[in-house]
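Just so we're on the same page, this note's numbering is the position in the sequence shown counted from 1, plus 4.
Backbone N, C-alpha and C fix where the C-beta goes; we use that ideal spot for every residue, glycine too.
Comments concern the structure below.
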Amino acid sequence: MALGCNMILNRDEYLTVPEAARNLRVNEETIRRNVRSGRLKAEKIGNQWFIRKSDLSSFAVVQNSQRKGEILRIAGGTQRNETES
């Protein structure tokens, strides 16, 4: 990390791409691809991307709900309640 980054942004609020990837248990390139496409907000300082922790959390929630919707659609669009017999 560049020396000046700590002076520009609060490192307690931001993650690097490798840190974000570890948090979401995905490949670093997956994070970069989502940043480049605009699906994940990030700020670039020098040649390094920084992702606000709150933006990563929001992104994870959206991705998780989209994934659940896709699973339901593939499974026929129904979800069985465990209390039903």
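Range of the contiguous alpha helix (DSSP H) that encloses residue i
i          : result
residue 15 : No alpha helix (DSSP H) contains residue 15, which DSSP labels as neither H nor E.
Whole-angstrom distance between residue j and residue i, CA atom to CA atom
i          : j          : result
residue 47 : residue 54 : 5 Å
residue 67 : residue 32 : 16 Å
residue 19 : residue 62 : 14 Å
residue 80 : residue 70 : 15 Å
residue 30 : residue 64 : 11 Å
Nearest residue (CA-CA) to residue i, options the options
i          : options        : result
residue 37 : 27, 21, 26, 29 : 21
residue 23 : 40, 41, 42, 52 : 52
Cβ distance (whole Å) where residue i is taken to contact residue j below 8 Å
i          : j          : result
residue 14 : residue 60 : At roughly 15 Å, the Cβ-Cβ gap does not stay under 8 Å, so residue 14 and residue 60 are not in contact.
residue 56 : residue 45 : 7 Å
Beta carbon proximity, residue i to chain E, threshold 8 Å
i          : result
residue 67 : You won't find chain E in this structure, because it holds only one protein chain.
Taking only runs that begin and end inside the region 27-74, name each unbroken beta strand (DSSP E) of 3 or more residues, in chain order. 47-49, 52-56
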